[in-house]
Amino acid sequence: MEPDLGRFANFIDGAYLQNLLAAFGKPKVDFEKLAIHMAAGCERLRTYYYDCMPYQSNPPTAEEAERFGKKQRFIAALGHYSRLQPRLGRLERRGERGDGTPIFQQKRVDILLGVDLAILAAKHQITDAAILAGDSDFLPAIEAAKPEGVVIHLFHGANAHRDLLQAADECTPIDEGFIAAIKA
Numbered sequence: 001m002e003p004d005l006g007r008f009a010n011f012i013d014g015a016y017l018q019n020l021l022a023a024f025g026k027p028k029v030d031f032e033k034l035a036i037h038m039a040a041g042c043e044r045l046r047t048y049y050y051d052c053m054p055y056q057s058n059p060p061t062a063e064e065a066e067r068f069g070k071k072q073r074f075i076a077a078l079g080h081y082s083r084l085q086p087r088l089g090r091l092e093r094r095g096e097r098g099d100g101t102p103i104f105q106q107k108r109v110d111i112l113l114g115v116d117l118a119i120l121a122a123k124h125q126i127t128d129a130a131i132l133a134g135d136s137d138f139l140p141a142i143e144a145a146k147p148e149g150v151v152i153h154l155f156h157g158a159n160a161h162r163d164l165l166q167a168a169d170e171c172t173p174i175d176e177g178f179i180a181a182i183k184a
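Sequential numbering from 1 applies to the sequence shown in the UniProt record's numbering.
Right, dumping it as structure tokens:
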């Protein structure tokens with residue numbers, strides 16, 4: 001009998017990934033390669049990609065409509081990858097800074113990731129969770145998953161929150177080698 005290598009679910013904070021990619025020249029990502037790399041070649045239940053559509057005023061400007069259409073095409077393309085499920089929150093305008101630039105805030109994205117992780121852990125659907133994120137909003141879900149026996153693998157940039165790094169069982173910094181392995 002072969003040993004059980006575990007069952008992974010990947011959780012990707014899309015906005016965080018896009019910000020990380022900007023530091024590496026915005027390379028195109030092969031999401032199948034990314035999913036396999038995050039799951040370390042083990043069985044993968046699913047990869048969840050969390051993001052939100054760009055803000056549009058009413059009526060939208062030409063630039064807003066173009067940005068929205070581009071994101072729609074990107075999200076639709078993600079649906080063509082094996083076992084990859086986009087999960088969308090919303091982007092809300094929260095006012096303006098003193099210089100007049102708008103303030104936007106993602107809503108529901110972090111909670112969607114947290115709920116998905118907690119449910120999969122509680123139902124023992126996964127043994128491992130590979131999380132590509134950097135902020136501490138995911139700590140309650142991680143703290144709920146670990147007592148269920150889920151091993152937390154964190155993939156992060158240089159500025160990941162200290163508490164998130166401490167909560168993870170294994171940490172993998174996203175560097176040039178990581179980016180090279182997932183390029184399209």
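A virtual CB, placed ideally from N, CA and C, is assigned to each residue, including glycine. Just so you know, these numbers come straight off a predicted model, no measurement behind them.
Practice task
Within the same chain, show all residues whose beta-carbon is closer than 8 Å to that of Phe68, passing over the 5 residues directly before and after it, in chain order.
Solution key: The answer, listed in chain order, is Met53, Pro54, Gln56 and Pro60.
Handout entry: Ala121 and Val151 closer than 8 Å at C-beta
Key = For the 8 Å CB-CB criterion, Ala121 and Val151 do not form a contact.
Practice task
Alpha carbon to alpha carbon, how far is Glu92 from Ile103? Give it in angstroms, no decimals.
Solution key: Rounded to the nearest angstrom, the two C-alpha atoms are 8 Å apart.
Practice task
Could you name each continuous alpha helix (DSSP H) segment of 4 residues or more that falls completely within the segment 19-96, going from the start of the chain to the end?
Solution key: Segments of the alpha helix (DSSP H) lying fully in the segment 19-96: 31-38 and 62-78.
Practice task
Spatial neighbours of Ser82 within its chain, please: CB distance less than 7 Å, with the 5 preceding and 5 following residues excluded, ordered by chain position.
Solution key: Cβ neighbours of Ser82 beyond the five flanking positions: Glu32.
Practice task
Could you pull out every residue in the same chain whose Cβ sits closer than 6 Å to the Cβ of Glu170, ignoring the five residues on either side in sequence?
Solution key: For Glu170, where only same-chain residues beyond five positions count, the Cβ hits under 6 Å are His153.
Practice task
May I have the straight-line CA-CA distance separating Ile111 from Asp99, to the nearest angstrom?
Solution key: In a straight line, the C-alpha of Ile111 is about 31 Å away from that of Asp99.
Practice task
Using 10 angstroms around the beta-carbon of Asn10, count the other beta-carbons present and answer buried if the total reaches 16, otherwise exposed.
Solution key: Using a 10 angstroms sphere on the CB of Asn10, the tally of other CB atoms reaches 16 or more, which defines it as buried.
Handout entry: CB of Ala35 within 8 Å of CB of Leu84, strictly
Key = Yes. Within cutoff.
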